[in-house]
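In the numbering used here, the protein residues as written are 163 to 370. Idealized CB from N, CA, C, for every residue including glycine. Just so we're clear, the structure is a prediction, and the values are computed from it rather than from any experiment.
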Amino acid sequence: MCRNPTVSYFSECYNTYDFDRFTAFPALRIAVIQVLLKGDGDMIREAKISDAARIAAIEVASCRFAYKDIVPEKYLFEDLTAESRIPSIERWISEKLFELYVYEDPDTGAVNGMMGIGRCEDEDKENAFELHFIYVDPDHLRAGIGSDMLRFFEQKGKERDFEEFVIWVLEENMLGKSFYEKHNYALDGKEKIFRRWNKREIRYVKGI
């Protein structure tokens with residue numbers, strides 16, 4: 163049985179029948195997940211226009227770190243800049259083209275990660291939820307940020323009764339592939355070309 167109404171209580175309930183009983187009401191279930199994801203004082207929230215510059219900086223730094231041996235240097239260090247990305251990100255937020263979330267430390271106010279999620283648009287995936295992109299500030303890797311955001315994404319999909327999760331990854335992105343495989347995602351044999359970089363992407367899926 164679950165005992166004390168603390169984060170450890172919620173964590174224990176998550177893996178027991180009590181969690182199902184405790185989260186019979188959708189609003190309460192969401193609140194519990196938010197507590198679980200808060201972890202050591204960190205939180206995930208919806209992105210705001212005021213976050214655009216920081217989101218752009220994270221995207222650029224993360225791409226340069228993860229794709230330095232995959233994507234031509236000219237693109238990463240000349241064509242791709244935070245300043246050039248800000249208008250697109252502002253449009254994503256204002257027009258809600260993606261559900262855009264940031265990972266923020268409430269103690270410092272620093273945003274150290276971002277992701278875009280939403281319904282999968284692949285023709286053969288009518289009821290799938292997709293992680294369109296996820297970036298973590300390279301200075302904050304190995305801190306559990308990516309895993310927390312991935313769990314948040316998955317919980318959103320479960321709340322909306324999707325049947326599976328979808329993530330497209332550059333075929334040469336060994337860091338990304340290892341990360342998703344560690345979280346029980348598997349290749350399904352589908353591939354496509356990411357036109358911006360003319361690089362092959364492969365699809366990972368995970369059942370709910």
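Short check: CB of residue i to CB of residue j, under 8 Å?
i      : j      : result
Arg304 : Glu266 : no
Ile255 : Ala223 : no
Phe327 : Ile364 : no
Tyr366 : Phe314 : no
Leu337 : Ala219 : no
Met205 : Pro268 : yes
Measuring only the C-alpha atoms, how far is residue i from residue j?
i      : j      : result
Lys344 : His302 : 19 Å
Arg362 : Ile355 : 4 Å
Lys230 : Leu238 : 7 Å
Arg226 : Glu261 : 24 Å
Lys287 : Asp310 : 25 Å
Asp232 : Leu332 : Reading off the sequence shown, one finds Ile at residue 232, where the question assumed Asp. In a straight line, the C-alpha of Ile232 is about 9 Å away from that of Leu332.
Asn274 : Leu312 : 14 Å
Ile217 : Ile307 : 15 Å
Phe184 : Pro234 : Confidence at Phe184 is low in this model, with a pLDDT of 44, below 50, so the placement of that residue should be treated as unreliable; the coordinate-derived value is given next. Going from the Cα of Phe184 to the Cα of Pro234 covers about 51 Å.
Asp213 : Arg253 : 12 Å
Asn360 : Lys236 : 14 Å
Glu316 : Gly278 : 12 Å
Leu259 : Arg358 : 18 Å
Ala272 : Ala244 : 17 Å
Met276 : Lys352 : 26 Å
Leu349 : Arg322 : 23 Å
Ile329 : Cys282 : 9 Å
Asn289 : Asp299 : 31 Å
Gly280 : Thr270 : 29 Å
Ile251 : Ile211 : 8 Å
Asn335 : Glu257 : 30 Å
Looking at the strands, I want to know which residues DSSP matches up with residue i.
i      : result
Met277 : Tyr263, Ile296
Met205 : Glu266
Ile364 : Val331, Glu353
Gly369 : Glu326
With residue i and residue j assumed to form a contact (beta carbons below 8 Å), what rounded beta-carbon distance in angstroms separates them?
i      : j      : result
Phe291 : Phe324 : 4 Å
Pro346 : Lys368 : The sequence shown places Asn at residue 346, not Pro. At roughly 6 Å, the Cβ-Cβ gap stays under 8 Å, so Asn346 and Lys368 are in contact.
Glu285 : Arg247 : Incorrect: roughly 29 Å between the Cβ atoms, too far for contact.
Between residue i and the ligand ATP, is there a pair consisting of the residue's CB and a ligand heavy atom that are separated by less than 7 Å?
i      : result
Arg362 : The ligand ATP is not among the ligands present in this structure, which contains no ligands whatsoever.
Practice problem: Count the CB pairs spanning the stretch 240-251 and the stretch 285-296 that are closer than 8 Å, and state whether there are at least three. | Solution: Cβ pair count under 8 Å is below three, so no.
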